[in-house]
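Residue numbers (the working numbering), protein chains in the order written: chain P, 1 to 356; chain Z, 357 to 712.
Structure, as structure tokens:
2 protein chains.
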Amino acid sequence: MCAADADAVKRRASIKDVAARAGVSVGTVSNVLNNPERVADDTRERVREAIVALGFVRSGAARQLRAGTSRAVGAVVLDMANPFFTDVARGVEDRLAESDRILILCSTDESPQREQRYLQLLEEQGVLGILITPASPDMASIEAVQDRGTAVVLLDRRSKDNEICSVAVDDVKGGDLAARHLIDMGHQRIGLLNGPSSIRQCADRRRGVRRAMRAAGLVPDRDLIEVIIEALNTDAGDAAVDGFVRDLRPPTAIICVNDLAALGVVRGLTRHEMRVPDDMSVIGYDDLDFTAMLATPLTSIRQPRHQIGYAAAELLLAAVADGPTHRHRQVLFQPELVVRDSSSRPARSGRRSSSR
Amino acid sequence: MCAADADAVKRRASIKDVAARAGVSVGTVSNVLNNPERVADDTRERVREAIVALGFVRSGAARQLRAGTSRAVGAVVLDMANPFFTDVARGVEDRLAESDRILILCSTDESPQREQRYLQLLEEQGVLGILITPASPDMASIEAVQDRGTAVVLLDRRSKDNEICSVAVDDVKGGDLAARHLIDMGHQRIGLLNGPSSIRQCADRRRGVRRAMRAAGLVPDRDLIEVIIEALNTDAGDAAVDGFVRDLRPPTAIICVNDLAALGVVRGLTRHEMRVPDDMSVIGYDDLDFTAMLATPLTSIRQPRHQIGYAAAELLLAAVADGPTHRHRQVLFQPELVVRDSSSRPARSGRRSSSR
DNA sequence: GAAATGCATTGATACGTTTCAGCTCTGTTA
DNA sequence: TAACAGAGCTGAAACGTATCAATGCATTTC
């Protein structure tokens with residue numbers, strides 16, 4: 001009913017149609033769009049009128065082809081339904097929106113094939129750059145993309161050889177924070193519910209925990225009780241509780257690999273008729289939104305998720321602006337301890353492991 | 357070290373470079389890419405070798421310009437960090453991946469300006485189509501986009517006049533399910549913690565609740581205690597509990613506008629030294645992942661989030677395939693009641709409101 | 001009054017594909 | 001033998017924009 005002429009169905013108006021209608025050359029229309037200060041006021045106005053009258057929308061494809069500059073940035077994550085990546089992606093988007101850029105979001109589900117496919121699609125798309133949490137250990141194809149001229153920033157990973165920009169969180173510090181907090185409150189025997197060491201984050205946190213213990217005069221090999229779970233979810237956390245409470249000298253606190261597992265640990269403790277934090281302190285990791293809202297709000301380690309995304313996008317845009325002169329940078333964020341009700345001083349200190 | 361000739365730094369290889377290297381014309385290279393069966397085996401092989409040798413990546417921009425066909429689909433949601441949209445988006449992505457398509461995800465934060473901006477960027481980008489949860493009540497600009505030839509599907513909204521495809525959930529049914537469940541268990545006085553009626557979903561659920569009550573012989577105006585909250589979060593839910601328990605004839609069950617509010621209700625009840633479900637049944641809405649993992653797992657109404665996204669993407673691709681002959685369709689999903697521990701028979705039935 | 005200056009605009013070109021009419025060559029049919 | 005068919009390939013045009021040298025025109029400077 002509105003701006004549609006009888007035959008406008010055929011095809012979108014082009015810059016040529018606008019030029020014809022406004023009685024100017026296509027070059028002038030292009031200038032109105034890209035360098036409005038270069039064109040006289042009345043001409044500019046006339047062109048603008050023609051643009052709205054025709055419902056003209058400029059072709060990003062043609063613009064990109066000619067000018068070589070795209071509006072889109074790609075982000076390749078393990079799973080965009082995972083709250084961690086979700087918040088990171090939101091940070092990315094917020095930074096991109098400031099520069100009128102747009103985000104193409106891809107989930108690999110940790111499948112190298114899917115990662116490969118998405119990399120190719122993004123490269124064909126001619127994105128400005130790619131943010132990626134690699135699914136496959138082999139970085140060859142990612143480096144190939146970078147060599148071919150597309151900026152790349154690693155998300156939640158560090159590049160060892162400084163060949164590529166990255167934004168990550170200091171997980172050693174995260175483990176350290178959790179353990180130090182417990183030790184400060186008087187805990188002497190600590191449980192660590194961790195994921196497999198093959199996951200860098202898990203290995204790092206373990207190192208952090210042990211470091212903090214040694215620094216406090218404890219002996220990790222004696223005073224740290226470790227349980228490894230493969231699936232980092234609530235059910236696994238629940239089941240793992242048995243391993244801790246059946247220990248000859250059970251811990252008085254458990255540091256968990258993430259909040260979901262911590263939730264399971266709380267559930268498992270309830271199963272054993274133990275109360276949090278009176279009988280056992282519990283610390284989570286990730287500080288998911290809901291953990292603060294539980295009956296016993298969870299002490300947790302917070303990662304600045306939104307900031308990570310924002311910083312990664314910032315780094316990417318800088319890399320694009322720098323061009324070939326760009327020097328790769330590694331950004332490392334510090335996690336933060338959020339103390340809530342699930343951690344407290346141990347009820348009974350030291351070795352008096354008698355009745356109950 | 358690999359496929360980079362000395363001067364390959366200058367610019368990405370084009371189809372022309374491939375043609376030269378393979379000793380064929382550009383038309384043939386194009387055919388190898390798009391209609392491989394049309395070219396002889398050995399030629400095809402030669403071209404393929406040239407492609408990998410040069411690290412050739414075809415330009416999506418040029419392809420789109422010439423062929424008029426894009427690989428990208430846009431999705432405009434209120435907030436991509438919201439678990440609802442997150443799962444919906446994942447459904448969209450999964451469907452798109454099946455067709456080698458890519459998802460551009462945009463959060464409006466319910467700002468009409470931001471929505472407007474994103475619509476324009478997506479249209480310039482030449483996306484195949486747009487999935488959108490409108491932020492502004494005014495659909496004019498969305499319809500304008502559709503009129504100009506970009507397919508549009510509404511997400512989590514219904515279009516009244518059938519001028520546009522949509523995928524939504526039956527919220528009346530959701531309210532009905534929750535109330536019916538409680539009534540079946542013997543509850544006679546029911547609390548409804550709802551959002552403002554200006555939100556279509558809230559109004560619909562209220563209608564569903566009242567419908568179920570009437571169907572069971574209850575009188576909503578007498579037996580339904582309603583509390584409205586503006587912010588649909590945990591703190592508001594917590595605070596709202598006072599309104600219910602101070603009622604002359606308090607309800608024995610509360611239906612909540614979402615799981616976060618339900619969490620707050622549980623917390624508020626604890627504050628009043630009431631237990632769930634013994635003293636009060638609580639039903640949430642959304643069935644967020646973590647609600648099943650709580651100390652008292654939450655009864656909730658589940659919306660098929662992933663399916664919604666998948667179906668919306670399917671609808672969009674169908675609309676694109678149909679071209680101008682397309683007939684708009686409205687898809688309505690049914691929500692599902694998930695019974696867990698937070699709902700049970702009322703402790704004391706009817707009016708004997710004596711001791712405890 | 002001529003030259004110089006600066007501003008607004010033009011028109012042609014290039015970007016990298018896809019597409020398609022037409023060419024060549026080989027083998028088959030009448 | 002001529003005509004034809006079909007497979008395989010070529011070469012040029014077109015898609016819609018940005019860019020830039022060139023042009024026209026009005027104003028200022030000497």
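Cβ atoms here follow ideal geometry from the backbone N, Cα and C, with glycine treated the same way.
- For P/Asn34, the enclosing alpha helix (DSSP H) starts and ends at Val26 to Asn34.
- Look at the region 139 to 165 of chain P and you find these whole runs of beta strand (DSSP E), each 3 residues long or longer: 151 to 155.
- By the rule that beta-carbons nearer than 7 Å mark a contact, Z/Arg504 touches chain P.
- The residue from Z/Arg701, Z/Ala437 and Z/Glu519 with its alpha-carbon nearest to that of Z/Ala496 is Z/Glu519.
- P/Gly186 sits in coil when the DSSP states are folded into three classes, being neither helix nor strand.
- Of the candidates Z/Asp603, Z/Leu475, Z/Ser698 and Z/Met630, the residue whose Cα lies closest to the Cα of P/Ala97 is Z/Leu475.
- Here DSSP, grouped into helix, strand and coil, assigns P/Ile308 to helix.
- Scanning its chain for C-beta atoms nearer than 7 Å, with the 5 sequence neighbours on each side dropped, one finds around Z/Val413 the residues Arg368, in chain order.
- Under the 7 Å criterion on CB atoms, Z/Gly593 is classed as non-interfacial with respect to chain P.
- P/Asp204 counts as buried, since at least 16 other C-beta atoms from the protein chains shown sit within 10 angstroms of its C-beta.
- For the pair P/Ser70 and P/Gly149, the CB atoms are not nearer than the 7 Å cut-off.
- By the criterion of a C-beta distance shorter than 6 Å, P/Val245 is surrounded in its chain by His272, once the five residues flanking it on both sides are discounted.
- Not flagged as an interface residue toward chain Z: P/Met139, since no C-beta distance is shorter than 7 Å.
- Proximity to Z/Val429 across Z/Val676, Z/Glu582 and Z/Arg696 peaks at Z/Val676, based on C-alpha coordinates.
- Straight-line measurement puts the Cα of Z/Gly383 at about 31 Å from the Cα of Z/Ala674.
- Proximity to P/Pro304 across P/Gly323, P/Ala295, P/Glu336 and P/Val18 peaks at P/Glu336, based on C-alpha coordinates.
- A check of alpha carbon separations from P/Thr299 across P/His326, P/Arg329, P/Asp259 and P/Asp278 identifies P/Asp259 as the nearest.
- By the C-beta density criterion, Z/Ala703 is exposed, having fewer than 16 other C-beta atoms within 10 angstroms.
- Counting along the chain, the unbroken alpha helix (DSSP H) around Z/Ile407 starts and ends at Asp397 to Leu410.
- Closer than 7 Å to the CB of P/Glu98 there is not a single CB belonging to chain Z.
- Inclusion of P/Thr296 and P/Gly264 in the CB contact set at 7 Å is not warranted, their separation being larger than that value.
- Residues Arg95 of the same chain have their beta carbon placed closer than 7 Å to that of P/Glu314, with the five preceding and five following residues left out of the count.
- Chain Z places a beta carbon closer than 7 Å to that of P/Glu123, counting this residue as a contact.
- In this structure, P/Cys256 is the residue among P/Ser25, P/Cys256, P/Lys173 and P/Val77 with its C-alpha nearest to the C-alpha of P/Ala239.
- Z/Ala609 places its beta carbon less than 7 Å from that of Z/Ile546.
- P/Leu294 counts as buried, since no fewer than 16 other beta carbons sit within 10 angstroms of its beta carbon.
- For Z/Ser463, the pairing in a beta bridge is given by DSSP as Z/Val433.
- Z/Arg658 sits in a strand when the DSSP states are folded into three classes.
- Rounded to whole angstroms, P/Gln330 and P/Gln201 show a C-alpha spacing of 17 Å.
- Per DSSP, P/Phe85 lies in no beta strand (DSSP E) segment; the continuous alpha helix (DSSP H) that holds it begins and ends at Pro83 to Glu98.
- By the Cβ criterion, the region 634 to 647 of chain Z is not in contact with the region 487 to 496 of chain Z, since fewer than three pairs of Cβ atoms, one from each stretch, lie closer than 8 Å.
- Residue pairing by DSSP puts Z/Cys612 in a beta bridge opposite Z/Leu549.
- With fewer than 16 other Cβ atoms from the protein chains shown falling within 10 Å of its own Cβ, P/Gly68 counts as exposed.
- Look at Z/Leu533 here: in three-state DSSP terms it is helix.
- Counted as a single uninterrupted DSSP element, the alpha helix (DSSP H) harbouring P/Ile15 occupies residues Ile15 to Ala22.
- With 16 or more neighbouring CB atoms inside 10 Å of its own CB, P/Glu93 falls in the buried class.
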